[in-house]
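Participant:
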Amino acid sequence: MAQQYPSRLLERSVQEFSKLPGIGRKTALRLVLHLLRQSTEDVEHFTEALTTMKHEVKFCKVCHNISDEDVCPICRDPRRDETVVCVVENIQDVMAIENTQQFHGLYHVLGGIISPMDGIGPADLEIESLVKRVGEGDVKEVILALNPTMEGDTTNFYIFRKLAPFNVKVSVIARGISVGNELEYTDEVTLGRSILNRTPFDGK
């Protein structure tokens, strides 16, 4: 039996919140009711922050990380080692690795991984821009830090083949991370060690 709402406006707000990942209708209702209890000013600040983010947030033209400017703070930082590029699936992985404070190179965010079941192919990802970065000659090592899943391994192999013509070292993070686990949920110590103990990728 569908839940009855005392207000169509309330129901519409619940429907919108329930579109968020991991948010069911019960949780959405709690969030909406919480907002109703807040002051109009607080709710306006909340909605303004979301609207401003949507309109003004950018993607770094170098690494495709989220940024307030055309080039993100990591790519602009002169203290970073620009000869080492860590390839990750998404922005959450950049944040997870940064929290370890063990990596001091640059990043390249693919925006996903190759997954034929989901209709995601190499052309849907930022792989060609990675090849272009490597082709410019400044990158000496590419670290493949994708999730240890079948799709992640497929993407690793595809990138390895694309980078084969270049004089660049390709390595993969150590398998201290359990197969199937996601980088963003791995503890910082384990993730940090997996980067420091990275091994050459042999394409197998």
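Per my numbering, the sequence shown starts with residue 19, numbered consecutively. Using N, Cα and C, we set each Cβ at its ideal position, and we do this for glycine too.
Just checking, does the segment 132-149 make contact with the segment 174-187 on the three C-beta pairs under 8 Å criterion?
Facilitator: The segment 132-149 is in contact with the segment 174-187.
Participant: Just confirm the distance between the C-beta atoms of LEU124 and GLU100, as a whole number of angstroms; I'd bet it's less than 8 Å.
Facilitator: Locating residue 124 in the sequence shown gives position 106, where the first residue counts as 1. Locating residue 100 in the sequence shown gives position 82, where the first residue counts as 1. LEU124 to GLU100, Cβ: 6 Å. Contact.
Participant: If we ignore side chains and look at the alpha-carbon of each, how far apart do THR217 and ILE161 end up?
Facilitator: Counted from its first residue, the sequence shown places residue 217 at position 199. Counted from its first residue, the sequence shown places residue 161 at position 143. Approximately 9 Å, taken between the alpha carbons.
Participant: How about the segment 102-113 and the segment 42-61: do they share at least three Cβ pairs that are nearer than 8 Å?
Facilitator: no
Participant: Considering TYR125, what are the terminal residues of the beta strand (DSSP E) in which it resides?
Facilitator: Here residue 125 is taken as the residue at index 107 of the sequence shown, counted from 1. If you look at TYR125, you'll find it in the beta strand (DSSP E) that goes 123-127.
Participant: Quick one: Cα of SER31 to Cα of SER189, how far?
Facilitator: Along the sequence shown, one-based indexing puts residue 31 at 13. Along the sequence shown, one-based indexing puts residue 189 at 171. Approximately 47 Å, taken between the alpha carbons.
Participant: CB CYS78 to CB VAL89, shorter than 7 Å?
Facilitator: Residue mapping note: residue 78 aligns to position 60 of the sequence shown, counting from 1. Residue mapping note: residue 89 aligns to position 71 of the sequence shown, counting from 1. A contact, by the Cβ cut-off of 7 Å.
Participant: What are the start and end residues of each continuous beta strand (DSSP E) run of 3 or more residues lying completely inside the segment 67-145, in chain order?
Facilitator: 99-106, 123-127
Participant: So, helix, strand or coil for SER196, using DSSP?
Facilitator: Stepping through the sequence shown from its first residue, residue 196 is reached at position 178. Confidence is the limiting factor: at SER196 the pLDDT is only 46, short of 50, which leaves the residue's position unreliable, though a coordinate-based value still follows. Here SER196 sits in coil by DSSP.
Participant: How about VAL152 and VAL186: do their beta carbons lie closer than 7 Å?
Facilitator: Taking the first residue of the sequence shown as 1, we reach residue 152 at position 134. Taking the first residue of the sequence shown as 1, we reach residue 186 at position 168. Closer than 7 Å, so yes.
Participant: Does ALA182 pass the burial test, meaning 16 or more other C-beta atoms within 10 Å, or should it be called exposed?
Facilitator: Here residue 182 refers to the residue found at position 164 when the sequence shown is read from its first residue. So ALA182 counts as exposed.
Participant: Based on DSSP bridge pairs, tell me the residues matched to SER189.
Facilitator: Here residue 189 refers to the residue found at position 171 of the sequence shown. Beta-bridge pairing links SER189 to ILE161, PRO218.
Participant: Since HIS122 contacts ARG98 with CB under 8 Å, what's their CB separation in whole angstroms?
Facilitator: Position 104 of the sequence shown, counting from 1, holds the residue named residue 122. Position 80 of the sequence shown, counting from 1, holds the residue named residue 98. Yes, they are in contact, since the Cβ atoms of HIS122 and ARG98 sit about 6 Å apart, within 8 Å.
Participant: Taking the straight line between their C-alpha atoms, what separation do you get for PHE35 and ASP220?
Facilitator: For this step, residue 35 is matched to residue 17 along the sequence shown. For this step, residue 220 is matched to residue 202 along the sequence shown. Taking the straight line from one Cα to the other gives about 45 Å.
Participant: Rounded to whole angstroms, what is the Cα-Cα separation between LYS158 and VAL102?
Facilitator: Reading the sequence shown from its first residue, position 140 is the one you call residue 158. Reading the sequence shown from its first residue, position 84 is the one you call residue 102. Between LYS158 and VAL102, the C-alpha separation is close to 6 Å.
Participant: Using a threshold of 7 Å, state whether the C-beta atoms of PHE112 and ASN83 are closer than that.
Facilitator: Indexing the sequence shown from 1 puts residue 112 at position 94. Indexing the sequence shown from 1 puts residue 83 at position 65. For the record, residue 112 in the displayed sequence is Val; it is not Phe. Their beta carbons are under 7 Å apart, which means VAL112 touches ASN83 by this criterion.
Participant: Going straight from the alpha carbon of GLY210 to that of ALA114, what length do you get?
Facilitator: Locating residue 210 in the sequence shown gives position 192, counting from the first residue. Locating residue 114 in the sequence shown gives position 96, counting from the first residue. Each residue's alpha carbon lies about 9 Å from the other.
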